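What follows is a short report on a single structure.
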Amino acid sequence: MQQQHRISSGALVLRDDKILLVRHFRAGHHDFWIAPGGGVDGDEELARAAERETFEEAGINVIATRLAYIDEGWSDKLRILKFWFLADYMSGEVNVGANPASNESIVEAGWFPLDALPEGHIFPEPLRTRFTRDLAAGFPGAVKLPLRKLLF
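If you use full-length UniProt numbering, the sequence shown corresponds to residues 1 to 152, in order.
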């Protein structure tokens, strides 16, 4: 079987010292929290994809401001390259049904304090380990994350 490749983009949105996360759930398959994001369309710029996906998944308008992380993942079927951007909150209230994308498994979304993230799998993984430190340092440059095996 040929491995598929995907380029995607996501937004790390902070508001009142909380980060925006969406929960993907499909019974018997996956259950995880992740910052909003998804595939880049056609000639779309990476930052614009992060902004669009944030609105589609959570109903929040943002402006992507700075590349924070470059994330690589692989499985037998898929190889992904995801660009995570810091993004400024502009407007909107969390609304999972704002503009649903096809084939999504998003069941909820919300704002979470960085020191009280939901239990279970969280992506990108640095949210639990280094994000607060990187944020305090001002993200002087994008951080290339280690290649990781995809769980889902």
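Glycine included, C-beta positions come from ideal geometry on N, C-alpha and C. Quick caveat: nothing in here was measured; it's all calculated off a predicted structure.
Query: Which residues in the same chain as D88 place their Cβ atom closer than 7 Å to its Cβ, once the five residues preceding and following it in sequence are excluded?; Result: V62, I63 and T65
Query: On the criterion of 16 or more Cβ atoms from any shown chain inside 10 Å, does V40 qualify as buried, or is it exposed?; Result: buried
Query: Quick check: the stretch 104 to 116 against the stretch 22 to 35, are at least 3 beta-carbon pairs closer than 8 Å?; Result: yes
Query: For D43 and R130, I'd like the C-alpha separation in whole angstroms.; Result: 32 Å
Query: Would you check if there are 3 or more beta carbon pairs closer than 8 Å linking the stretch 119 to 135 to the stretch 47 to 55?; Result: no
Query: Measuring straight from C-alpha to C-alpha, what distance separates S102 and A68?; Result: At S102, the pLDDT of 49 sits below 50, so the modelled position is not reliable and the matter cannot be decided from this model.
Query: Going by DSSP, what residues sit across from R148 in a beta bridge?; Result: G73
Query: Within 10 angstroms of the Cβ of K82, are there 16 or more other Cβ atoms? Answer buried if so, exposed if not.; Result: buried
Query: To the nearest angstrom, how far is it from the Cα of residue 199 to the Cα of A137?; Result: No answer is possible for residue 199: it lies beyond the span of the chain, which begins at 1 and ends at 152.
Query: Excluding the five sequence neighbours on either side, which residues of its own chain have a C-beta within less than 8 Å of the C-beta of E51, listed in chain order?; Result: A11, N61, V62, I63, A64 and A87
Query: For R15, does the three-state DSSP call read helix, strand or coil?; Result: strand
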